[in-house]
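Chemist:
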Amino acid sequence: MHSHENDHPRHTQAQSEGELHDPVCGMKVSLDSKFVEEHAGQTLHFCSAKCQAKFVAEPARYLADKPVDTASSSGPQAALAGAAEYTCPMHPEIRQPTPGVCPKCGMTLEPVMPVLEDEENPELNDFKRRFWWTLPLTIIVTILAMGGHAVQIFQGNTQNWVELALATPVTLWAGWPFFVRCVQSFLHRSPNMWTLIGLGTSAAYLYSVVATLFPQAFPATFLHEGRIGVYFEAAAVIISLTLLGQMLELKARSQTSAAIKSLLGLAPKTARRINADGSEEDIPLSHVHLNDQLRVRPGEKVPVDGVVVSGESAVDESMLTGEPLPVMKRQGDALIGATINSQGSLVMQAQKVGGETMLAQIVQMVAQAQRSKAPMQRLADVIAGYFVVVVISISVLTFLGWGLWGPEPSWVFGLINAVAVLIIACPCALGLATPMSVMVSTGKAASSGVLFRDAAAIENLRKIDTLIVDKTGTLTEGRPAFHSVEAATGFEKQQVLQLAASLDQGSEHPLGRAIVDQANAGGLQLSVVQNFETVSGIGVRGQVDGHQLLLGNTALLQEAGIATEAVQTRAEELRSEGTSIMYLAVDGALAGLLAVADPIKETSKLAVQRLQAAGVTVIMATGDGLTTAKSVARQLGIEEVHGEVKPQDKERLVADLQKAGKRVAMAGDGINDAPALARADVGIAMGTGTDVAMNSAQITLVKGDLMGILRARSLSQATVKNMHQNLTFAFLYNAMGIPLAAGLFFPLTGYLLSPIIAALAMSVSSASVVFNALRLRNVRIDEP
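If you want the working numbering, it's the position in the sequence shown, counting the first as 1, plus 21.
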């Protein structure tokens, strides 16, 4: 297969070795195409009116000298539009910028990122045309072959010539794409299903052509009713059935991208911008920029990610988080693009646009997961690698065995059985068994607020027997509220609060934000912080008004050699109430403590109970004080608790459990959780947490709710079960089909498997695997 630099569908039309390509879809077109457009001194040819209309509407989008401007675009489609790339559903490592077929397995490549427009695959349209134009010929030649001798329409060798005329367009024109793929499999030294189909149909067709042209070259035993028996109908029917099977498969495979298309469809087309002079106007979503003020009216979709500036309303986030109840939004609350404002009017400030929005990132993660390989597929790949060679060997042995020792005409029986072996043993079902399940399940998960990074996470999650959870932002809301402040000797409470808030201005930790909010509410004047530094997992340090400050847990002060005994009794009392304690040290001396309460999420207790009931041991590991951690754990029913742990301690805890033979998952939301998330067998990040945590994890829970783990685990079990069903069916199908096609049961039954029936069985097996995978769309995962 040729690779042309300008064959990319976003580029100008290329002509090489007499070939033209549609600049929109990349399909080959001929010079006599009636769909022609003049643009910038170029004559461009298109495969259809639809592609021509797309180009006329947005010519810059498809020209190399004017690439798509994704930087200023605000929708997920616009953000991803420039990444046109095609991949193989069975071999995701195969990537190319134009449509075509996989060099490894010969399957039709499909877009990595599907487009929202509901249009059919050009390959599907091509196969439909070939199938329907030649189907009448296939039917006629089959009727002649099956019943022509009874009616005696033609005499002697004349019928062979008629069948040759009828079968040749079917075999050579309708079947041409299959023969091209067969040849490519030899050129790439990658035998696949098309190798078998090409060899089988060409053997049947060429034998019949020779029998028609040179009947005198055959022994008398081959004669029947004055002519040599031919098998044009076998070649024609195999081609027609293979085309039908490919049409069904392509149609079914298109449904696996329905989840991404539904996500793309969530993005609104316009936004209402509030201009600097107070006027308002509706603008395309691609014109929204950072910090724009936007109005979201009742019933409208939130255009991009941002924060509420004014107004109050309930927002339906179910399409992204899986949460069925609307969430109340007030000033300062975060808004997610594509969610629906149900009641009041909101004014928001845009904070993330284009590919930075949560919707765009979700689409990207789902597409990435759908194109990844499951560990289970490695076995199937290894087997498929040798499978075709073994099948060809069995086919040759079948031909020789029947030819040498079978009943007369023995070599005819040998040929037919050898062709049947080649056709029925196509490994397509084996190759599709796991990728189809992965594609459907990742789409299903995304609609429930669960994002899998890759197929390995889907397969591994069901094996987890131990779950380590962070406290703040994972078990608790992560939006703590200030509780109280205590001063040590020589300091005042207001002074402790003012210094701590000044230092925490540079912190992104939710506990720090609660302190800053309290100081602002009390009208305290905050000072400028210098040399601010986060000590990961245990606190912060910096310089305020010439004083060196430390603010964090006991471990931070112990590292600095600062004693906390003066306020320890009060600290323990506050921790027993479930608050988190932070100590403040000024110039090496303890200044006081600040207590912040972080309420437990409503669903945490139920999630912990269900996980434990499912046999999963839940362990809490947090940087907060041990007393606070135990207070929260006691309310949730968690028995094992690790408090005041550093990031390296969490990672070590994961490693120790793994050494003990445990399958460990880690759930967290902060930077300090990243090492443990990366070390765990499965890392689970809260979508409400930091980007570092989400980039370190294999699973992201959009809502940041532990109930999402139950949904993900339930889907993991259903997906792996579906994979097992597909693989079992594929293996059993070939284990039973090959001996039957080879004629091993002929002495017992007296019947042989016709290549026509073999072709039908091959097509049905591939389609059945895809349709079985599509059943995952209806699996209930809301009630684990």
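We put the CB at the ideal spot given by N, CA and C, even for glycine.
All values derive from a computational prediction rather than experimental measurement.
Decide if Ala4 is buried, meaning its Cβ has at least 16 other Cβ atoms within 10 Å, or exposed.
Modeler: This structure cannot settle anything about residue 4, because the visible part of the chain is limited to 22 through 805.
Chemist: Please report the distance separating the alpha-carbon of Glu58 from that of Cys72.
Modeler: Their Cα atoms are separated by approximately 11 Å.
Chemist: Tyr228 lies in the alpha helix (DSSP H); which residues open and close that run?
Modeler: Taken as a continuous stretch (DSSP letters only), the alpha helix (DSSP H) holding Tyr228 covers 214-234.
Chemist: My output table needs one value for Asn799: the three-state DSSP class, helix, strand or coil.
Modeler: Helix at Asn799.
Chemist: To which residues of the same chain is Leu605 closer than 6 Å at the C-beta, ignoring the five residues directly before and after it?
Modeler: Cβ neighbours of Leu605 beyond the five flanking positions: Val517, Ala521, Leu572, Ala612, Gly613.
Chemist: Closer than 6 Å by C-beta to Arg734: which residues in its own chain qualify, once you throw out the five before and the five after it? Chain order, please.
Modeler: Taken in chain order, the residues that qualify are Leu482.
Chemist: Helix, strand or coil: which one does DSSP assign to Tyr252?
Modeler: Three-state result, Tyr252: coil.
Chemist: Any idea which residues DSSP pairs Ser625 with across the strands?
Modeler: According to DSSP, which records beta bridges pairwise, Ser625 is partnered with nothing at all.
Chemist: For Lys87 and Lys75, I'd like the C-alpha separation in whole angstroms.
Modeler: Low confidence applies to Lys87: its pLDDT is 37, below 50, so where it sits in the model is not reliable, and the reading given next is rough at best. Those two C-alpha atoms are separated by around 16 Å.
Chemist: Should His112 be labelled buried (16 or more other beta-carbon atoms within 10 Å of its own) or exposed?
Modeler: Burial call: buried.
Chemist: Smallest Cα separation from Lys125: which of Met134, Gly494, Pro110?
Modeler: Per the Cα distances, Pro110.
Chemist: For the alpha helix (DSSP H) holding Glu593, just list the boundary residues, first then last.
Modeler: Per DSSP, Glu593 belongs to the alpha helix (DSSP H) from 589-597.
Chemist: Please classify Ile164 as buried or exposed, where buried requires at least 16 neighbouring CB atoms within 10 angstroms.
Modeler: Exposed, because fewer than 16 other Cβ atoms sit within 10 Å of the Cβ of Ile164.
Chemist: Quick one, which of Trp197, Pro143, Leu220, Ala195 has its alpha-carbon nearest Phe207's?
Modeler: Residue Leu220 is the option with its Cα nearest to Phe207.
Chemist: Excluding the 5 residues preceding and the 5 following Phe553 in the sequence, name in chain order all residues of the same chain whose CB lies nearer than 6 Å to its CB.
Modeler: Result list for Phe553: Gly527, Gly563, in chain order.
Chemist: Return the residue from the list Tyr107, Val561, Thr189, Ala542 that minimises the CA-CA distance to Val550.
Modeler: Of the candidates Tyr107, Val561, Thr189, Ala542, the one whose C-alpha sits nearest the C-alpha of Val550 is Val561.
Chemist: Under DSSP, the alpha helix (DSSP H) around Pro120 begins and ends at which residues?
Modeler: Segment: none, Pro120 is in no alpha helix (DSSP H) and carries neither H nor E.
Chemist: Assuming Met707 and Thr495 are in contact, meaning their beta carbons sit under 8 Å apart, how far apart are those beta carbons, in whole angstroms?
Modeler: With a Cβ gap of about 6 Å, Met707 and Thr495 count as contacting.
Chemist: Please report how far the alpha carbon of Asp619 lies from the alpha carbon of Arg684, in whole angstroms.
Modeler: Computed Cα separation, rounded: 30 Å.
Chemist: Do Leu443 and Phe420 have their C-beta atoms within less than 8 Å of each other?
Modeler: In this structure, Phe420 does not lie closer than 8 Å to Leu443 by Cβ.
Chemist: Drop a sphere of 10 angstroms on the beta-carbon of Asn541, count the other beta-carbons inside from all chains shown, and report buried for 16 or more, exposed for fewer.
Modeler: Exposed, by the Cβ-count rule.
Chemist: For Ala35 and Glu302, what's the separation of their Cα atoms in angstroms?
Modeler: The predicted position of Ala35 is uncertain, since its pLDDT is 40 and thus under 50; no value can be drawn from it.
Chemist: Is the separation between the beta-carbon of Val617 and that of Ala535 shorter than 8 Å?
Modeler: Their beta carbons are under 8 Å apart, which means Val617 touches Ala535 by this criterion.
Chemist: Would you call the segment 346-356 and the segment 730-745 in contact, with 3 or more CB pairs under 8 Å?
Modeler: Verdict: no, contact absent.
Chemist: May I ask which residues mark the beginning and end of the beta strand (DSSP E) holding Tyr772?
Modeler: Careful: Tyr772 lies outside any beta strand (DSSP E) and carries neither H nor E.
Chemist: Using the Cα positions of Leu271 and Asn142, report the straight-line distance between them to the nearest angstrom.
Modeler: So the two alpha carbons sit approximately 8 Å from each other.
Chemist: Should Met349 and Ala359 be called a contact, given that it needs their Cβ atoms to be closer than 8 Å?
Modeler: For Met349 and Ala359, no; Cβs fall outside 8 Å.
Chemist: Going by CA-CA distance only, name the one from Ser462, Asp491, Val490 that's closest to Ala478.
Modeler: Minimum Cα distance to Ala478 is reached at Ser462.
Chemist: Report the start-end ranges of each alpha helix (DSSP H) in the segment 421-475 that is 4 residues or longer and not cut off at the edges.
Modeler: Listed in chain order, the complete alpha helix (DSSP H) runs (minimum 4 residues) inside the segment 421-475 are 431-445, 449-467.
Chemist: Does the distance from the C-beta atom of Ala642 to that of Lys671 stay below 8 Å?
Modeler: Yes, these two residues count as a Cβ contact at 8 Å.
Chemist: What does a CB cutoff of less than 7 Å around Gln630 pick up in its chain, not counting 5 residues either side in sequence?
Modeler: Correct list, in chain order: Gly658.
Chemist: Residues in the same chain with beta-carbon distance under 6 Å from Gly533, minus the five sequence neighbours each way, listed in chain order, please.
Modeler: Here the set comprises Asp525.
Chemist: Could you check what DSSP says for Ala540 in three-state terms: helix, strand or coil?
Modeler: Helix at Ala540.
Chemist: Going by DSSP, which residues form a beta bridge with Gln551?
Modeler: Gln564, per the DSSP bridge assignment.
Chemist: Does Ala681 pass the burial test, meaning 16 or more other C-beta atoms within 10 Å, or should it be called exposed?
Modeler: The residue in question, Ala681, is exposed, as its Cβ has fewer than 16 Cβ neighbours within 10 Å.
Chemist: If the criterion is Cβ atoms closer than 8 Å, does the pair Arg293 and Leu315 meet it?
Modeler: Taking 8 Å as the Cβ cut-off, Arg293 and Leu315 qualify as a contacting pair.
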